[in-house]
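Student: Mapping the sequence shown onto this note's numbering, position 286 (from 1) lands on 363, and the numbers just tick up by one. Beta carbons: idealized from backbone N, C-alpha and C, even for Gly.
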Amino acid sequence: MGQSHSKGNASSGDPLQSYPSFSKSDTKESLRSFRGSIRSKIRSTDSPRGSTTALSQTESQGDKSDAGSVKSANSRPGSVAGLSSPGSENVSRTGTPEPPPSPSLSSSLKRGHKDVNAMQQSGEVDHVSEGPPSGGPPAGTALKAGESILIKRENQLNPILDFILNAPLETSGSPGMGMGALKSIDLDDMISRLLDAGYSTKVTKTVCLKNAEITAICSAARELFLSQPALLELSAPVKIVGDVHGQYTDLIRLFEMCGFPPASNYLFLGDYVDRGKQSLETILLLMCYKLKYPENFFLLRGNHECANVTRVYGFYDECKRRCNIKIWKGFIDTFNCLPIAAIVAGKIFCVHGGLSPSLSHMDDIRGIARPTDVPDYGLLNDLLWSDPADMEEDWEPNERGVSYCFGKKVIMNFLQRHDFDLVCRAHMVVEDGYEFYQDRILVTVFSAPNYCGEFDNWGAIMSVSGELLCSFELLKPLDSTALKNHIKKGRNKRNSMLSSPMSRVSARGAKPNPSIWFDSHRNAPDSIPRAGGSHLRPEMQRKVGLGSLFVDNSQPAPSL
78 MGQSHSKGNA SSGDPLQSYP SFSKSDTKES LRSFRGSIRS KIRSTDSPRG STTALSQTES
138 QGDKSDAGSV KSANSRPGSV AGLSSPGSEN VSRTGTPEPP PSPSLSSSLK RGHKDVNAMQ
198 QSGEVDHVSE GPPSGGPPAG TALKAGESIL IKRENQLNPI LDFILNAPLE TSGSPGMGMG
258 ALKSIDLDDM ISRLLDAGYS TKVTKTVCLK NAEITAICSA ARELFLSQPA LLELSAPVKI
318 VGDVHGQYTD LIRLFEMCGF PPASNYLFLG DYVDRGKQSL ETILLLMCYK LKYPENFFLL
378 RGNHECANVT RVYGFYDECK RRCNIKIWKG FIDTFNCLPI AAIVAGKIFC VHGGLSPSLS
438 HMDDIRGIAR PTDVPDYGLL NDLLWSDPAD MEEDWEPNER GVSYCFGKKV IMNFLQRHDF
498 DLVCRAHMVV EDGYEFYQDR ILVTVFSAPN YCGEFDNWGA IMSVSGELLC SFELLKPLDS
558 TALKNHIKKG RNKRNSMLSS PMSRVSARGA KPNPSIWFDS HRNAPDSIPR AGGSHLRPEM
618 QRKVGLGSLF VDNSQPAPSL
């Protein structure tokens, strides 16, 4: 289906040498993931190739585009007749690929924030995080998970490259340590240390976990990701989270508002690293929660979970500075095993980027063999990179220089063909943290508030209750001072909880009480829409999706 897989000599002593990230020249010979364009964007001091080429002038001028690396102009999708290569327009006269513009910045950023109070009154927005944290983390990390939300099917398509099955997973130069070996390591202690680091409000020179522990987490996570399908099928309730981008303190705020695992089930849509100052803590905490609660906590792959993109946008530099390059390699090989998309309650299709002209059946996604790097074009590339757009054509080359933009007709046909009601994706900064596309058949969720410290955008989490009632929870953008004050209050509350008698009960493995948030949705007013046409009132079944009873975005709303 257009996706490429990492190639190598399966008979070699180290099975992971076939990963591009484990070549002795740090992915120098990889033919995938925008190789040609990346060469001109690696700093001479940071590039493992020792390149002397400086970053482009656009980046030196403070470009904050989330477009990632530029696609090679020689890559031709070929999936859609009449379309030129998406990257062909971004090549200068000298033949050097130029950085694409920033279509990841929604037009809503220019309109100002909507009236959050009005959105709360309508039921579209459930919670807003702007005061002290309403609830700290669990008093103990040994809480048991609730009922699994992973739907398992017999004989489910899940191709894994052969050499993975024939040899233990391990990182270069380190002994293999899979899930079984990780059981001897205290995951609860790792989570506690990572939370302590988050509440300290300081970015330390090193990470609070040892390199051996990080290696063990990556190895176990690879094994777990490969044991679950590339296309996850999940039941509700679940909270759907968009881009996080290394904003670790905001991730802590998110858990404070929505509930620390296992109080809530989670589906993250990718882009955990790059941009932010604490990508390592961010991805480590998320992978620890995944290992701790494997059937209640899920991570999809984003376009930044890729070797060449992380080498340009910060994660490689952070790993090199705070750990070493081998640690970065371990993460890259874990990223190559991440699932690609998810279906929630049979009605909501979740993916990081968008749709693809190469996608005709869900088995096309299930058939993506892992581990795999991100190819230059094709199905996997599109799922991670494509964007919706207001346009008459079905497909057009994406201004990012990678993949395509798709129109309303494409979305409507996709929903009808697969009996879905909504496409939920991330990949784009939006003013209010979430933004619907025409008739609310698609929603963009972005969960990093005050992105890069510049955009003053809200962060949002989309919550789907057990009864398929859908609403949003918002993280207010805070400046650095307000963020530190917020975390300080959260730290004090957490310390008081840890010292309370209840913490000793939790530490013995007591099952947590159901989330109050979900209880409130069980008694929610009829004005909150449900996912799935069969659950909507008769007059609402004429429209596809979740948008019929949300606030009317076409009406102007006062700015906050």
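Are the CB atoms of L362 and L301 within a distance shorter than 8 Å?
Tutor: The answer is no: Cβ separation not under 8 Å.
Student: For K486, which residues from the same chain have a beta carbon less than 8 Å from its beta carbon, with the 5 sequence-adjacent residues on both sides left out?
Tutor: Closer than 8 Å at Cβ, skipping near neighbours: D471.
Student: Please report the Cβ distance between M30 and L238, rounded to the nearest whole angstrom; I am assuming they are in contact, meaning their Cβ atoms lie under 8 Å.
Tutor: Because the chain here runs from 78 to 637, residue 30 falls outside it and cannot be looked at.
Student: For I228, collect the residues of the same chain with a Cβ closer than 7 Å to its Cβ; drop the 5 residues on either side in sequence, then sort them by chain order.
Tutor: Same-chain partners within the cutoff: E310, L311 and S312.
Student: Pairs of beta-carbons, one from the stretch 292-299 and one from the stretch 392-412, closer than 8 Å: are there three or more?
Tutor: Touching, yes.
Student: If I measure Cβ to Cβ from P526 and keep anything under 6 Å in the same chain, skipping five residues before and after, which residues do I get?
Tutor: The residues are D327, W535, G536, L552 and P554.
Student: Note down the Cα distance separating M334 from A340, rounded to an integer number of angstroms.
Tutor: C-alpha separation (whole angstroms): 11 Å.
Student: Shortest alpha-carbon distance to G543 belongs to which of A195, A559 and I226?
Tutor: Considering only alpha carbons, the answer is I226.
Student: Do K565 and T278 have their C-beta atoms closer together than 8 Å?
Tutor: Yes, these two residues count as a Cβ contact at 8 Å.
Student: In angstroms, rounded to a whole number, what distance separates the CA positions of F523 and H504?
Tutor: F523 and H504: Cα-Cα distance of roughly 7 Å.
Student: On the criterion of 16 or more Cβ atoms from any shown chain inside 10 Å, does K221 qualify as buried, or is it exposed?
Tutor: So K221 counts as exposed.
Student: To the nearest angstrom, how far is the alpha carbon of I397 from that of W405?
Tutor: Note on identity: in this sequence residue 397 is Lys, with Ile being the wrong assignment. C-alpha separation (whole angstroms): 7 Å.
Student: Are the stretch 440-450 and the stretch 466-484 touching, with three or more C-beta to C-beta distances below 8 Å?
Tutor: Contact between the stretch 440-450 and the stretch 466-484 is absent, because fewer than three Cβ pairs lie under 8 Å.
Student: What residue from N562, E476, W462 and F483 has the CA that sits closest to L346's CA?
Tutor: Comparing Cα-Cα distances from L346 to each of N562, E476, W462 and F483, the minimum goes to W462.
Student: In the DSSP assignment, what are the bridge partners of M539?
Tutor: M539 pairs with I317 and F549.
Student: Since A307 contacts R443 with CB under 8 Å, what's their CB separation in whole angstroms?
Tutor: Confirmed, about 6 Å.
Student: Going by alpha carbons, who is nearest to S480 out of P465, N562 and D509?
Tutor: It is P465.
Student: Sort G407, A559, K561 and S433 by Cα distance to A289 and report the nearest one.
Tutor: Closest by alpha carbon: G407.
Student: So which of R230, R477, V520 and S435 has the shortest CA-CA distance to S304?
Tutor: For the residues R230, R477, V520 and S435, the minimum Cα distance to S304 belongs to R230.
Student: What's the gap between the Cα of K316 and the Cα of G423?
Tutor: The alpha-carbon atoms of K316 and G423 are separated by roughly 15 Å.
Student: Reducing DSSP to helix, strand and coil, say where D464 ends up.
Tutor: Three-state result, D464: strand.
Student: Measure the alpha-carbon distance for T387 versus K354 and round it to whole angstroms.
Tutor: When rounded, the distance between both Cα atoms is 13 Å.
Student: Could you tell me if D263 is buried or exposed, where buried requires 16 or more neighbouring beta carbons within 10 angstroms of its beta carbon?
Tutor: D263 is exposed by the Cβ-count criterion.
Student: In or out: R494 buried (at least 16 other Cβ within 10 Å) or exposed?
Tutor: The residue is exposed, with fewer than 16 neighbouring Cβ atoms inside 10 Å.
Student: Helix, strand or coil: which one does DSSP assign to S277?
Tutor: Note: S277 maps to coil in three-state DSSP.
Student: V205 bridges to which residues according to DSSP?
Tutor: L551, per the DSSP bridge assignment.
Student: Give the DSSP bridge partners of E512, in chain order.
Tutor: In the DSSP output, where bridge partners are listed per residue, E512 has T521.
Student: Name, in chain order, the residues that DSSP records as bridge partners for A419.
Tutor: Paired residue(s): L309 and C427.
Student: Buried or exposed, going by whether 16 or more other CB atoms sit within 10 Å of the CB of H563?
Tutor: Classification of H563: buried, given that the 10 Å Cβ count is 16 or more.
Student: Taking all protein chains shown into account, decide if Q233 is buried (16 or more other Cβ within 10 angstroms of its Cβ) or exposed.
Tutor: Classification of Q233: exposed, given that the 10 Å Cβ count is below 16.
Student: Using the Cα positions of D533 and D351, report the straight-line distance between them to the nearest angstrom.
Tutor: Answer to the nearest angstrom: the Cα atoms are 19 Å apart.
Student: Taking the alpha carbon of N458 as the point to measure from, which residue in S437, E476 and L432 has its own alpha carbon closest?
Tutor: The option with the nearest alpha carbon to N458 is L432.
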